[in-house]
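Asker:
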Amino acid sequence: MKFITPISTTALTVILLSACSTSDDVNKMTNNSKEQISEVQSDKNLPQNDETNQTEQTMTQAEVLDAVKTDLKTDLTKMLPSELPLEEGKYLTATTKSDTNNYEVIFYESDEPIAVNHEMLADDQIIARLKAQKYESIQEANEQVGFENFSEFGGQPIDLGFGITGYQDAGAGSMWTSWNEGRWAIAAHTHTSEGEKGEKLAKEATEFLETHTLPIPKPNGFAHIDVYQSDNRIIWQKESTVYMIDEVKDPIIALEIATHIEEKE
């Protein structure tokens, strides 16, 4: 006859505690696994790195110029370049000011993408400024342009090539080589002691304009280009509104920017 040995109270307690402990461990492992899965899913929603963010913020020249156009609150016809010359690896941005009868756009190049009208922009990054102002009359606007027909003023004739004659005139330490192309007057400035530099610049500009077209003025325009890169101004009128490009160091680049000007609706 077999006897069943009774289980002591102490042994039963140990068995029950062991079972509970095992159940708790399983629950903890399950909870930890859920937390790890949640962390992984959360990480997927975070930005991967700074490079991704920078790429998302980068705007093409066309997008920057479209943002500039949108920011200009004015009744004037918006004239803007379709593109601007930038150094390799640089980005285009701008600041804008405008009211009913005026607007100003300053274009900058930067080492990294910067939003239009950002406070970070500095003067040493300026590549060009474009201004527009409406006057009371066409006559007043024309006076701001200061168009001249240089063939009527005389001066020393000089062959600029491409069938164009320029006229050299000097005074007060300065020398100008000036000529007309259609409705435009163009004058290259230098010092009297370096007259050959003015002639060279005039010939470079003439050659450039053989394959590039300045905006059509109504009625006139005047391009002032400077050997010393200190006073390059391209100015023209559209009836009673005067447009001007300045703050450009290189005179040929100033002309290039002007040839990219388009009317933006």
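Going letter by letter, the sequence shown gives residues -23 to -1, 1 to 242 in mature numbering (1 follows the signal peptide of the UniProt record, and there is no 0). We put the beta carbon where it would ideally sit given N, CA and C, even for glycine. Quick caveat, the model's predicted, so the values are computed rather than measured.
Determine the contact status of A149 and I163, defining contact as a CB-CB distance below 8 Å.
Answerer: Cβ atoms of A149 and I163: not closer than 8 Å.
Asker: Under 8 Å, do I103 and M97 count as touching if we go by C-beta distance?
Answerer: Contact flag unset, no.
Asker: Quick check: the Cα distance between T169 and V204, rounded to an integer number of angstroms?
Answerer: 12 Å
Asker: In or out: S155 buried (at least 16 other Cβ within 10 Å) or exposed?
Answerer: Its Cβ being crowded by 16 or more others within 10 Å, S155 is buried.
Asker: Would you kindly work out how many angstroms separate the C-alpha atoms of Y68 and F130, rounded to a whole number?
Answerer: 44 Å
Asker: Determine contact between the segment 227 to 234 and the segment 37 to 56, defined as no fewer than three beta-carbon pairs at a distance below 8 Å.
Answerer: no
Asker: If you check the beta carbons only, do L107 and I202 fall under 8 Å apart?
Answerer: no
Asker: Extract the residue ranges of the beta strand (DSSP E) inside the segment 212 to 240, only unbroken runs of 3 or more that lie entirely within it.
Answerer: 218 to 223
Asker: Give me the Cα-Cα distance between T77 and I193, rounded to the nearest whole angstrom.
Answerer: Roughly 23 Å separates the two Cα atoms.
Asker: Would you check if the distance between the CB atom of E60 and the CB atom of H237 is smaller than 8 Å?
Answerer: yes
Asker: What does a CB cutoff of less than 8 Å around D88 pick up in its chain, not counting 5 residues either side in sequence?
Answerer: G66, K67, Y68
Asker: Using 8 Å as the threshold, is the C-beta distance between residue 254 and V122 below it?
Answerer: The displayed coordinates of the chain run from -23 to 242. Any statement about residue 254 would go beyond what the structure contains.
Asker: What is the DSSP secondary structure of G140, counted as helix, strand or coil?
Answerer: coil
Asker: Report yes if the CB atom of V219 is closer than 8 Å to the CB atom of A105, and no otherwise.
Answerer: no
Asker: The beta strand (DSSP E) spanning E40 covers which residue range?
Answerer: Per DSSP, E40 is not a residue of any beta strand (DSSP E); the alpha helix (DSSP H) it occupies stretches across 38 to 48.
Asker: Going by the DSSP bridge assignment, what does K74 pair with across the sheet?
Answerer: E81
Asker: Leaving aside the five residues before and after Q110 along the sequence, list all residues of the same chain whose C-beta is less than 6 Å from its C-beta, in chain order.
Answerer: N79, V219
Asker: Who are the near neighbours of F139 in its chain, counting only those whose CB is closer than 8 Å to its CB and skipping five residues on each side?
Answerer: T183, E184, E187
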